[in-house]
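Working notes, beginning with the structure itself.
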Amino acid sequence: MSHTFPPHVIAEIQERARLGRYGVRGRGATRRLPTFDDLLLLTAAAGRDGEAPRGPCRTRTVLGTRYAREPVVLDLPVTIAAMAYGAISPGAKEALGRAATMAGTAATTGDGGMTPEERDAAKTLVYQLTASRHGVDPDDLRAADAVEIVLGQGAHPGAGGLLPGEKVPPRVARRRAVPAGVDLRAPVDHPDWSGPDGLAVKIAEIREVTSWRVPVFVKLGASRVTEDVTLAVTAGADVVVVDGMQAGTGGGEEVLIEHTGLPTLAAVRVAADTLAGLGVRGEVQLVVSGGIRTGADVAKALALGADAVSVGMAALIALGCNASSDDTGADVTADYRALGTVPGSCTACHTGGCPVGIATQDDVLADRLDPDLGAERVANYLRAITAEAALLAEACGHASVHDLRREDLVALTVEAAAMARVPLAGTTWIPGVLPGPADG
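So the sequence shown is residues 1023 to 1462, counted in this note's numbering.
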């Protein structure tokens, strides 16, 4: 078998030859990348400085302390990432908002605006201001608990998202002020400003509209992280959100999903180092997203310098994505096969034919999701991974998950050691920093 032309590459070439276009799909990168699994935490038999921490490990998280009169205060360091209105069903949006409230964290609106149902469901809601301006309403800005300006996302940095016409029924079209059934491509550039000075003006406008009450987040697709984080901080952001290339999408070009951006593991370290270099660590908070799955991922991201993480694809999986049966108890394997896939491997979010009623605007399919059950599952998941992160922090001798530090980590591979700037396990060698291997 050819390494250059294995069967899946041959199949891709043949598909492009037949259709004359590139591939589009949902979810995120499938290629093997360095991840948080390539890092280990060093636990402590006794507490730091010879005194073990007393009481449960704290998980309280505060975002937006730089300028906002009312920073976002959360019970846990895990938020729910943005899901566009149109990309997922109304029931799924409602369930995610309820789950965030139940767990004590925040949900995020996504492209397409805020619905009253979403605002009612989520006690803490971050309002996304995207380049498309679909559904943007100043009253919604004022009703939000934070505003997130989107400069890019990890699954396809440098390019806007896709929403096929099948997912633009009349209710979505009205909210977005577009014709129903029309394919939508979100633009890359914001229509009313450009460049660093323009971003600063936009942030100032948002502060004026919201009376300086809520924090302003700036979300970046992890690519030129140092330059982009510097831009966001200089423009006045309270919080920087860095989305690594393992992030999911409701629909994007496969070539961008697989071949652009930085792995989340590298992005979090570069972003944290940039904030430290600018002298704003602790003043500007860092949220990291893209492929976060477990409490171990959460703990390692915090140890590398994040103040919180955001979960998107994992939250949808907890909601029921890629399950073999829906919330009515019916086996939906045949519906996956009709989309050319199987449960556990479905990437057909862009088709609108989601068998479990999540990534769809078809009312019949959407009824397969029970928002009450879905909210309970997602809330359980958020609580569980927070408990895992707290357990690991406690094992490392810390009284708070935010006390985790880079010194608590070692790497299992040279690549991960270089990206995270932590020693290779069993040595003191940090590739690219120290001159060579040494015995640990």
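We put the beta carbon where it would ideally sit given N, CA and C, even for glycine.
Predicted model, so just to flag it, every value in this text is computed and none were measured.
From this set, the options, which residue's C-alpha is nearest residue i's C-alpha?
{"i": "LEU1063", "options": "LEU1324, VAL1364, ALA1340", "result": "LEU1324"}
{"i": "THR1146", "options": "THR1087, LEU1096, ALA1090", "result": "LEU1096"}
{"i": "ALA1166", "options": "THR1131, GLY1157, PRO1186, PRO1192", "result": "THR1131"}
{"i": "HIS1420", "options": "ALA1103, THR1350, ALA1321", "result": "ALA1321"}
{"i": "ARG1427", "options": "THR1152, ALA1442, LEU1434, ALA1122", "result": "ALA1442"}
{"i": "ALA1298", "options": "ALA1336, THR1252, THR1408", "result": "THR1252"}
{"i": "ALA1143", "options": "LEU1413, GLU1429, ALA1397, THR1435", "result": "ALA1397"}
{"i": "GLY1272", "options": "MET1335, VAL1354, THR1296", "result": "MET1335"}
{"i": "GLY1312", "options": "ALA1433, ARG1049, CYS1343, HIS1025", "result": "ARG1049"}
{"i": "VAL1309", "options": "ASP1319, VAL1290, GLY1301", "result": "VAL1290"}
{"i": "PRO1138", "options": "ALA1121, TYR1107, GLY1375, GLY1301", "result": "TYR1107"}
{"i": "GLU1429", "options": "SER1024, ALA1447, PRO1192", "result": "ALA1447"}
{"i": "ALA1294", "options": "VAL1264, GLU1092, LYS1224", "result": "VAL1264"}
{"i": "ALA1337", "options": "PRO1445, ALA1121, VAL1084", "result": "ALA1121"}
{"i": "LEU1085", "options": "ASP1353, VAL1100, LEU1061, LEU1163", "result": "VAL1100"}
Which class does residue i belong to by DSSP, given the choice of helix, strand or coil?
{"i": "THR1449", "result": "strand"}
{"i": "ASP1167", "result": "coil"}
{"i": "GLY1299", "result": "helix"}
{"i": "ALA971", "result": "Only positions 1023 to 1462 of the chain appear in this structure, which leaves residue 971 out of reach."}
{"i": "ASP1181", "result": "Residue identity differs from the one stated: residue 1181 is Ala in this sequence, not Asp. It is coil, neither helix nor strand."}
{"i": "GLN1036", "result": "helix"}
{"i": "ALA1433", "result": "strand"}
{"i": "ARG1155", "result": "coil"}
{"i": "ASP1059", "result": "helix"}
{"i": "TYR1089", "result": "coil"}
{"i": "HIS1281", "result": "helix"}
{"i": "THR1146", "result": "strand"}
{"i": "ASP1425", "result": "helix"}
{"i": "ARG1080", "result": "strand"}
{"i": "ASP1394", "result": "helix"}
{"i": "ILE1353", "result": "Here residue 1353 is Asp; the residue named in the question, Ile, does not match the sequence. In this structure, ASP1353 counts as strand in the three-state DSSP scheme."}
{"i": "VAL1290", "result": "helix"}
{"i": "VAL1094", "result": "strand"}
Within 10 Å of its beta-carbon, does residue i have 16 or more other beta-carbons around it, so buried, or fewer, so exposed?
{"i": "LEU1041", "result": "exposed"}
{"i": "PRO1285", "result": "buried"}
{"i": "HIS1281", "result": "exposed"}
{"i": "MET1267", "result": "buried"}
{"i": "GLU1170", "result": "buried"}
{"i": "ILE1380", "result": "buried"}
{"i": "HIS1025", "result": "exposed"}
{"i": "GLY1366", "result": "exposed"}
{"i": "VAL1364", "result": "exposed"}
{"i": "LEU1098", "result": "buried"}
{"i": "ASP1461", "result": "Its pLDDT being 44, under 50, ASP1461 is placed unreliably by the model, and the measurement read from it follows with that caveat. Flag for ASP1461 reads exposed."}
Should residue i be flagged as near chain D, meaning a C-beta pair shorter than 7 angstroms?
{"i": "GLY1266", "result": "The question asks about chain D, but that chain is absent: this structure has only one protein chain."}
Provide the residue(s) that pair with residue i in DSSP beta bridges, ordered along the chain.
{"i": "ARG1047", "result": "GLY1274"}
{"i": "ARG1207", "result": "LEU1184"}
{"i": "SER1311", "result": "ASP1265, SER1332"}
{"i": "PRO1306", "result": "Sequence inspection shows Val at residue 1306; the Pro mentioned does not correspond to that position. In the DSSP output, where bridge partners are listed per residue, VAL1306 has ARG1303."}
Would the beta-carbon of residue i be found less than 6 angstroms away from any heavy atom of the ligand SAM?
{"i": "ALA1401", "result": "By its list of ligands, the structure shown contains no ligand whatsoever, and the ligand SAM lies outside what it can speak to."}
Length at least 3, wholly inside the segment 1315 to 1350: the beta strand (DSSP E) runs in chain order: 1330 to 1333
Ordered list of beta strand (DSSP E) runs contained in the segment 1211 to 1253, each at least 3 residues: The segment 1211 to 1253 contains these whole beta strand (DSSP E) runs: 1238 to 1243.
Complete alpha helix (DSSP H) runs within the segment 1097 to 1143 (minimum length 4 residues, chain order): 1112 to 1125, 1138 to 1143
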